[in-house]
Every structure is written in C-alpha cells, then in structure tokens.
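Peer 1:
Residue numbers (the working numbering): 583 to 753.
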C-alpha cells in the first residue's frame, strides 16, 4: 500500500479475525515504533509484543475499554519508566504517541488493523507482562486482521471539516 493510502485506510479496529500474524509482520510493526522520533533521541520506551491467548485475555481486563485485546492476534504494550517529573512525563507521552502512530500506520500498510487502549490497573498489567514496578504500562495496541471489512482508504471520513481544523497564517 502507498503511504497516503495507508494513512487514509488506518482506522481503529477492535474486532478481529482469528488469522494469526507472522513473526515478520509483528517485527515490522514493532520496528516502526522503534524507528519513531523521540525527544532528544531518549527512547525511554520499551515494547512488549504479546501473542499468548491467555495473556491477551488477561490484558483485556486492565482497562474498562480494553476488551478488544482478548480477541486480537497480538498486542503491543508500550512501557515507560515511572516518573514524577511533569516535563519528562509529557515528553514521554508525546514520544509514545509518535511510536503508536508509526506502529498503527505500519500495520495498516500490511492490511492489518489496530486499536489502542489505556491501562488502568498497573499492578495487574505489570504482573501479566513481567514488568518491574519502576516502569508503567502506558498503552496497549491490539493488532489483527479486521473482522468487519478490510482496510481501504476512507473516502469520506467522519471528521470535523478540514476547513474548520486547518488554518492558514492565522486562526
């Protein structure tokens, strides 16, 4: 898929087929996150790729809106060092946003759907993934082939009108 088509085709997918993903596909998606821009190239992130069905089912319980993780072929947990420093937390969150989108775009390029989720129960998420308590599981991305329809460029997206969002020179 061309980059522009992948951008237009990417959508949140939370219902997946049972089709497995190859190791090459998962590596490519994770590598997209690894290659994402990072403030001062700090790369505070770690990514945990999960394909075990039982672990996916357990991860689906760490947030009220993470149920789609249980039905995904895989998930990637995005992990950051825990910090009380506001500036570091904000910068790291921005970096993870870039890594998340890079992974989602790489998946869309392969025709694979993704759906993101937050994490509420840090203790449980850390336990499931073997993460030390010095780190937080910030987000999760469910990954799999869409059950409803294949990814295709969306011609008329449900978005605020472009002209209301994009301003030229001044507001």
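We treat Cβ as the ideally placed atom computed from N, Cα and C, and that holds for glycine.
For residue 697, tell me which candidate among 645, 594, 584 and 589 has the shortest Cα-Cα distance.
Peer 2: Position 115 of the chain shown holds residue 697. Of 645, 594, 584 and 589, the residue nearest in Cα terms is 594.
Peer 1: Does DSSP put residue 628 in a helix, in a strand, or in coil?
Peer 2: The count along the chain shown starts at 1 and reaches residue 628 at position 46. The answer is strand: DSSP assigns residue 628 an E or B state.
Peer 1: I need the straight-line Cα distance from residue 671 to residue 647, nearest angstrom please.
Peer 2: The residue labelled residue 671 in the question sits at position 89 within the chain shown. The residue labelled residue 647 in the question sits at position 65 within the chain shown. Whole-angstrom Cα-Cα distance: 23 Å.
Peer 1: Which term fits residue 701, buried or exposed, when burial requires 16 or more other beta carbons within 10 angstroms of its beta carbon?
Peer 2: Here the question's residue 701 lines up with position 119 in the chain shown. Buried, since its Cβ has 16 or more Cβ neighbours within 10 Å.
Peer 1: Counting along the chain, where does the alpha helix (DSSP H) carrying residue 676 start and finish?
Peer 2: By 1-based counting over the chain shown, the position of residue 676 is 94. Counting along the chain, the alpha helix (DSSP H) containing residue 676 begins and ends at 668–691.
Peer 1: Quick check: the Cα distance between residue 750 and residue 744, rounded to an integer number of angstroms?
Peer 2: Reading the chain shown from its first residue, position 168 is the one you call residue 750. Reading the chain shown from its first residue, position 162 is the one you call residue 744. For residue 750 and residue 744, the distance between alpha carbons rounds to 12 Å.
Peer 1: Assuming residue 681 and residue 645 make a contact with CB atoms under 8 Å, what is their CB distance in whole Å?
Peer 2: Residue numbering aside, residue 681 sits at position 99 when the chain shown is read from its first letter. Residue numbering aside, residue 645 sits at position 63 when the chain shown is read from its first letter. 19 Å between Cβ atoms; not a contact.
Peer 1: Counting pairs of beta carbons, one from the stretch 660–679 and one from the stretch 633–642, are three or more of them closer than 8 Å?
Peer 2: These segments do not touch.
Peer 1: Among 717, 694, 622 and 623, whose alpha-carbon lies nearest the alpha-carbon of residue 659?
Peer 2: Start at 1 with the first residue of the chain shown, and residue 659 comes out as number 77. The residue with the shortest Cα to Cα distance from residue 659 is 717.
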